[in-house]
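*Asks:*
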Amino acid sequence: QVQLVESGGGVVQPRTSLRLSCAASKFTFRNYGVHWVRQAPGKGLEWLAVISYDGTKTYYADSVEGRFTISRDNSKNTLYLEMNSLRPEDTAVYYCAKDRGGWGKYGMDVWGQGTTVSVSS
Amino acid sequence: QSALTQPASVSGSPGQSISISCTGTGSDVGGYNVVSWYQQHPAKAPKLIIYEVNKRPSGVSNRFSGSKSGNTASLTISGLQPDDEADYYCCSYAGGGVVFGGGTKVTVL
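Just so you know, the sequences run in chain order G and L.
Our numbering puts the first sequence at residues 983 to 1103.
Our numbering puts the second sequence at residues 189 to 297.
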């Protein structure tokens, strides 16, 4: 079935970097926009970033703009999130989610299971 | 990019109908007909239940319905069932990215 699988989470120290990956399967990945969304412990969903189907357009939440970079490799059916200058408040479960359309605004119809990032000294 | 405003909690008895509001601005909810709603059970990934204000994905019960008036969108759950107890999030396109609401915990009494 249509699936997204995140990886790359872990425990890291503040001010370090981490790269998350999201592998897509059983759908035509290159046709759809894809998002990163996170959820801090006991908190709500926070949208982080979206990338268009062809990678030409990216948008970020103010909270991560300049620190996080979203990218994709359509030849590998994989989405990435490069996270720099990590802070304790970045501790969360990170989800990737497929959009229903190519430009990332029509609703997220497929979600991964999430990968946990913990930022602590 | 301010979060959309949802009530923290809503409750109802089995069989009843409840509604959850989601208030934004003319730059998000009021400016576009691309509001979506998500259901999240504890320790699970969110699930899309409404997209483009009032459309249901295949397989989602018709007990879930959505609407919008001005800057406020609403999710209605009719015939409340025990499995409807979950957190619900609205989300709106905001001219580039999207923005979520703070979430509403639905309790089935």
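The beta carbon of each residue, even a glycine, is placed where N, CA and C say it ideally should be.
All figures in this text were calculated on a predicted structure; none of them were measured in a lab.
What does DSSP give as the partner residues of I208 (chain L) in its beta bridges?
*Replies:* Answer is L:L263, bridged to I208 (chain L).
*Asks:* For L236 (chain L), go through chain G and note every residue whose CB falls closer than 7 Å to its CB, in chain order.
*Replies:* Simply G1089, M1090 and D1091.
*Asks:* Pop quiz: L1002 (chain G) and E988 (chain G) are said to be a contact at Cβ under 8 Å. What is the actual Cβ separation, rounded to whole angstroms?
*Replies:* Contact holds; Cβ gap of about 6 Å.
*Asks:* Using DSSP with H/G/I as helix, E/B as strand and the rest coil, what is D1044 (chain G)?
*Replies:* In this structure, D1044 (chain G) counts as coil in the three-state DSSP scheme.
*Asks:* Distance, Cα to Cα, T211 (chain L) vs G200 (chain L)?
*Replies:* About 21 Å.
*Asks:* By how many angstroms is the C-alpha of P270 (chain L) removed from the C-alpha of L297 (chain L)?
*Replies:* Each residue's Cα considered, the two are about 8 Å apart.
*Asks:* Tell me which same chain residues have a C-beta within less than 6 Å of the C-beta of A1006 (chain G), skipping the five on either side of it?
*Replies:* For A1006 (chain G), where only same-chain residues beyond five positions count, the Cβ hits under 6 Å are L986 and N1059.
*Asks:* Just to confirm, is the Cβ distance from Y1077 (chain G) to G1094 (chain G) under 8 Å?
*Replies:* Taking 8 Å as the Cβ cut-off, Y1077 (chain G) and G1094 (chain G) qualify as a contacting pair.
*Asks:* Find the residues of chain L that neighbour D1044 (chain G), judging by a C-beta separation of less than 8 Å, and give them in chain order.
*Replies:* The answer, in chain order, is Q189.
*Asks:* Which of helix, strand or coil does DSSP assign to D216 (chain L)?
*Replies:* Coil, per DSSP.
*Asks:* What residue from G:D1091, G:I1052 and G:W1018 has the CA that sits closest to R1082 (chain G)'s CA?
*Replies:* Among G:D1091, G:I1052 and G:W1018, the Cα nearest to that of R1082 (chain G) belongs to G:D1091.
*Asks:* Are the Cβ atoms of V217 (chain L) and N259 (chain L) separated by less than 8 Å?
*Replies:* Yes. Within cutoff.
*Asks:* What's the gap between the Cα of G203 (chain L) and the Cα of Y1041 (chain G)?
*Replies:* Approximately 42 Å between the Cα atoms of the pair.
*Asks:* Report back the beta-carbon spacing between D1044 (chain G) and Q194 (chain L) to the nearest angstrom; my notes put them in contact at under 8 Å.
*Replies:* That pair is no contact at about 20 Å.
*Asks:* Relative to the alpha-carbon of S207 (chain L), which residue among L:L268, L:P230 and L:G219 has its alpha-carbon at the smallest distance?
*Replies:* Closest by alpha carbon: L:L268.
*Asks:* Rounded to whole angstroms, what is the Cα-Cα separation between P1070 (chain G) and V993 (chain G)?
*Replies:* Looking at the two C-alpha atoms, the distance is approximately 11 Å.
*Asks:* Keeping to the same chain, check which residues put their C-beta closer than 6 Å to that of Y220 (chain L); ignore five residues upstream and five downstream.
*Replies:* Here the set comprises Y281.
*Asks:* Which same chain residues end up closer than 6 Å to V1075 (chain G) when comparing Cβ atoms and leaving out the 5 residues on each side of it in sequence?
*Replies:* Excluding sequence neighbours, V1075 (chain G) sits near Q1021, G1096 and T1098.
*Asks:* What would DSSP say about E1071 (chain G), mapped onto helix, strand or coil?
*Replies:* In the structure shown, E1071 (chain G) sits in a helix (DSSP, three-state: H, G or I).
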